[in-house]
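All remarks here apply to the structure that follows.
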Amino acid sequence: SQKIEQNSEALNIQEGKTATLTCNYTNYSPAYLQWYRQDPGRGPVFLLLIRENEKEKRKERLKVTFDTTLKQSLFHITASQPADSATYLCARISGGYNKLIFGAGTRLAVHP
Amino acid sequence: DVKVTQSSRYLVKRTGEKVFLECVQDMDHENMFWYRQDPGLGLRLIYFSYDVKMKEKGDIPEGYSVSREKKERFSLILESASTNQTSMYLCASKSNEQFFGPGTRLTVL
Chain S
124 SQKIEQNSEA LNIQEGKTAT LTCNYTNYSP AYLQWYRQDP GRGPVFLLLI
174 RENEKEKRKE RLKVTFDTTL KQSLFHITAS QPADSATYLC ARISGGYNKL
224 IFGAGTRLAV HP
Chain G
35 DVKVTQSSRY LVKRTGEKVF LECVQDMDHE NMFWYRQDPG LGLRLIYFSY
85 DVKMKEKGDI PEGYSVSREK KERFSLILES ASTNQTSMYL CASKSNEQFF
135 GPGTRLTVL
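If you read the sequences in order, they're chains S and G. Count the first sequence with our numbering and you get residues 124 to 235, in order. Count the second sequence with our numbering and you get residues 35 to 143, in order.
Dropping the structure here:
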């Protein structure tokens with residue numbers, strides 16, 4: 124079965140540093156991967172989509188990579204700020220009907 | 035601005051009660067989804083719908099049913115609520131990305 128695995132341990136970093144979160148998937152490479160941000164008590168919010176044929180995608184301070192050999196996506200936040208503290212979810216498309224499978228998420232805490 | 039709304043932010047029900055959670059989207063999306071989210075387990079898909087009156091089971095449909103009579107509205111029904119259904123319930127609709135509602139935190143006593 125298809126799975127998405129994210130590091131369940133929280134990531135603690137200092138303000139200004141680059142945060143790197145990992146997403147690993149099983150089985151065949153999906154057509155695309157997506158990253159979402161979720162704040163406590165709220166629904167996830169879409170951040171970025173990266174397609175299978177794209178190695179890297181950027182949006183402001185965010186950068187996502189897609190390595191089909193390693194079956195892995197990396198999510199980077201450069202010049203991190205305390206406001207970036209949240210849980211970040213990775214998701215892959217699965218089967219028909221546009222279903223997404225989500226990872227459990229990694230909590231990021233950026234300390235001043 | 036696109037929007038997915040859910041009928042309640044917080045809900046407290048008793049064991050055995052019938053519970054309705056409603057979700058409305060204003061984006062004319064065909065695909066709508068219901069998830070539950072529990073600590074350490076992430077988002078788990080309960081049911082989804084790809085068109086009016088069409089539904090498909092997700093990964094954990096037991097104890098739930100759904101209704102999609104209109105394109106913009108997707109309802110989740112707990113026929114007889116149980117304590118293990120205490121959770122955060124999230125509705126979403128989708129084009130390429132998923133747009134989530136704010137969630138309903140349901141407590142079953």
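Here a beta-carbon is modelled for each residue, glycine too, at the ideal position from N, C-alpha and C.
Neighbours of Asn221 (chain S) in chain G, taken as residues whose beta carbon is under 7 Å from its own, are Asn65 and Lys128 in chain order. Apart from the 5 residues on each side of it in sequence, Leu143 (chain G) sits with its Cβ closer than 8 Å to the Cβ of Val46, Lys47, Arg48, Thr49 and Thr117 in its chain, given in chain order. Residue pairing by DSSP places Arg160 (chain S) opposite S:Val168 and S:Tyr211 in a beta bridge.
For Ser129 (chain G), the number of other beta carbons within 10 angstroms of its own is below 16, and it is reported as exposed. Listed along the chain, the chain G residues whose CB falls inside 8 Å of the CB of Phe169 (chain S) are Glu131, Gln132 and Phe133. For Gln59 (chain G), the enclosing beta strand (DSSP E) stretches over residues Val53 to Gln59. Contact with chain G is found for Gln157 (chain S), since one of that chain's Cβ atoms lies less than 8 Å from the residue's Cβ.
Here Tyr69 (chain G) is bridged, per DSSP, to G:Leu79 and G:Leu124.
Contact with chain G is absent for Phe189 (chain S), since none of that chain's Cβ atoms lies less than 8 Å from the residue's Cβ. Gln40 (chain G) carries a strand assignment under DSSP once its states are collapsed to helix, strand and coil.
A residue is called buried when at least 16 other Cβ atoms come within 10 angstroms of its Cβ; Pro73 (chain G) does not meet this threshold and is exposed. DSSP places Asn147 (chain S) inside the beta strand (DSSP E), whose first and last residues are Ala142 to Tyr148. Put simply, the backbone Cα of Arg43 (chain G) is about 38 Å away from that of Glu177 (chain S). What Pro136 (chain G) touches in chain S, judged by beta-carbon distance under 8 Å, is Arg165 and Gly166, going in chain order. Comparing C-alpha distances from Ser83 (chain G) to each of G:Glu51, G:Trp68, G:Val38 and G:Phe54 shows the shortest one belongs to G:Trp68. Residue pairing by DSSP places Glu128 (chain S) opposite S:Asn147 in a beta bridge. Burial of Arg70 (chain G) is indicated by the presence of at least 16 other C-beta atoms within 10 angstroms of its C-beta.
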